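Participant:
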Amino acid sequence: MSTEVHGVRRLFGVVSTDDIIPARYKHMHTDPDLLAPHTFEAFAPGFVDTVRSGDVLVGDSLFGIGSSREQAVSALAAAGFTAVIAPRFGRIFFRNCWNLAVPAIEVDTALLVGHDSVGLDLDQGHILDRDGNVVVDFVPPPSMLIEMVRAGGLLRTLARSL
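Numbering (our numbering), first residue to last: 184 to 345.
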């Protein structure tokens with residue numbers, strides 16, 4: 184897996200899927216590109232405007248609790264996030280992340296304080312600093328999930344097997 188360095192964008196506190204994309208947009212749009220501008224609209228106004236394509240989202244608490252709609256993850260991906268790192272995830276959100284090729288990594292994010300960019304090595308289970316030094320280790324995901332990310336998500340993985 185690429186260990187390209189990505190910018191870090193941080194959010195603090197418990198983050199629900201409704202904080203990521205307000206419910207009023209989930210029902211109006213299914214196109215992730217139409218959802219992306221509304222990402223964190225009420226929770227952190229203007230936050231999405233700071234995101235650059237390839238950024239990694241780092242939370243400091245429980246992330247992705249609440250409704251099970253996958254629009255929360257598709258909006259994050261369309262906004263430019265390539266991974267989400269948090270101490271804990273809502274289980275359905277966690278699964279939706281991997282299904283949509285957005286790795287969700289559970290680590291103590293206090294260890295990332297002071298790092299404004301990170302690289303992810305999914306194969307080895309490392310979060311790296313900009314110089315390639317290991318900052319945090321995590322249990323590498325199963326190879327099936329890594330392959331799913333490389334393929335572009337669950338649906339593309341399944342399509343390849345048909």
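Glycine residues also receive a C-beta, built at the ideal position from the N, C-alpha and C atoms. These figures come from a predicted structure and were not determined experimentally.
In the DSSP assignment, the beta strand (DSSP E) including VAL317 goes from what residue to what residue?
Facilitator: Locating residue 317 in the sequence shown gives position 134, where the first residue counts as 1. First-last of the beta strand (DSSP E) with VAL317: 317 to 320.
Participant: Could you check which residue in ALA225, PRO323, HIS309 has the C-alpha nearest to that of VAL317?
Facilitator: The sequence position of residue 317 within the sequence shown is 134, counting from 1. Among ALA225, PRO323, HIS309, the Cα nearest to that of VAL317 is on HIS309.
Participant: Give the straight-line distance between the Cα atoms of THR292 and ALA269, rounded to the nearest whole angstrom.
Facilitator: By 1-based counting over the sequence shown, the position of residue 292 is 109. By 1-based counting over the sequence shown, the position of residue 269 is 86. For THR292 and ALA269, the distance between alpha carbons rounds to 6 Å.
Participant: Below 8 Å, can you find three or more Cβ-Cβ pairs linking the region 261 to 268 to the region 202 to 219?
Facilitator: yes
Participant: Is ALA266 closer than 8 Å to ILE288 when the C-beta atoms are compared?
Facilitator: Here the question's residue 288 lines up with position 105 in the sequence shown. Here the question's residue 266 lines up with position 83 in the sequence shown. Yes. Within cutoff.
Participant: Helix or strand or just coil, what does DSSP make of ARG207?
Facilitator: Position 24 of the sequence shown, counted from the start, is the residue given in the question as residue 207. Of the three classes helix, strand and coil, the one that applies to ARG207 here is helix, per DSSP.
Participant: Report the CB separation of HIS189 from ASP238 in whole angstroms; it is logged as a contact under 8 Å.
Facilitator: Against the sequence shown, residue 189 aligns to sequence position 6. Against the sequence shown, residue 238 aligns to sequence position 55. Their Cβ separation, rounded to whole angstroms, is 6 Å, which keeps HIS189 and ASP238 in contact under 8 Å.
Participant: Enumerate in chain order the residues of its own chain whose CB-to-CB distance from ARG192 is below 8 Å, with the five nearest sequence positions on each side excluded.
Facilitator: By one-based count along the sequence shown, residue 192 stands at place 9. Excluding its 5 nearest sequence neighbours in each direction, ARG192 has C-beta neighbours in its own chain below 8 Å: PHE230, THR233, VAL234, ASP238, VAL239, LEU240, VAL241, PHE264, listed in chain order.
Participant: Using a threshold of 8 Å, state whether the C-beta atoms of GLY247 and PHE272 are closer than that.
Facilitator: If you number the sequence shown from 1, residue 247 lands on position 64. If you number the sequence shown from 1, residue 272 lands on position 89. Yes, the Cβ-Cβ distance between GLY247 and PHE272 is below 8 Å.
Participant: Which whole runs of the beta strand (DSSP E) in the region 261 to 320 are 3 residues long or more, in chain order?
Facilitator: 266 to 269, 287 to 289, 300 to 304, 309 to 311, 317 to 320
Participant: Where does the unbroken alpha helix (DSSP H) through ARG333 begin, and where does it stop?
Facilitator: For the purposes of this step, residue 333 is taken as residue 150 along the sequence shown, with counting starting at 1. It spans 326 to 334 - the alpha helix (DSSP H) in which ARG333 sits, taken as one unbroken run.
Participant: Could you tell me the distance, in whole angstroms, from the CA atom of VAL322 to the CA atom of PHE277?
Facilitator: For the purposes of this step, residue 322 is identified with residue 139 of the sequence shown, where counting begins at 1. For the purposes of this step, residue 277 is identified with residue 94 of the sequence shown, where counting begins at 1. Spanning the two alpha carbons is a distance of roughly 15 Å.
Participant: Out of curiosity, what's the CA-to-CA distance linking VAL301 and LEU294?
Facilitator: The residue given as residue 301 occupies position 118 in the sequence shown. The residue given as residue 294 occupies position 111 in the sequence shown. Going by the C-alpha atoms only, they are around 12 Å apart.
Participant: Please report the Cβ distance between THR200 and SER250, rounded to the nearest whole angstrom; I am assuming they are in contact, meaning their Cβ atoms lie under 8 Å.
Facilitator: Within the sequence shown, residue 200 is the residue found at index 17, counting from 1. Within the sequence shown, residue 250 is the residue found at index 67, counting from 1. Indeed they touch by this definition, with Cβ atoms about 5 Å apart.
Participant: Quick check on the burial criterion: 16 or more other C-beta atoms within 10 angstroms. Buried or exposed for ASP202?
Facilitator: In the sequence shown, the residue the question calls residue 202 occupies position 19. With 16 or more Cβ atoms within 10 Å of its Cβ, ASP202 is classed as buried.
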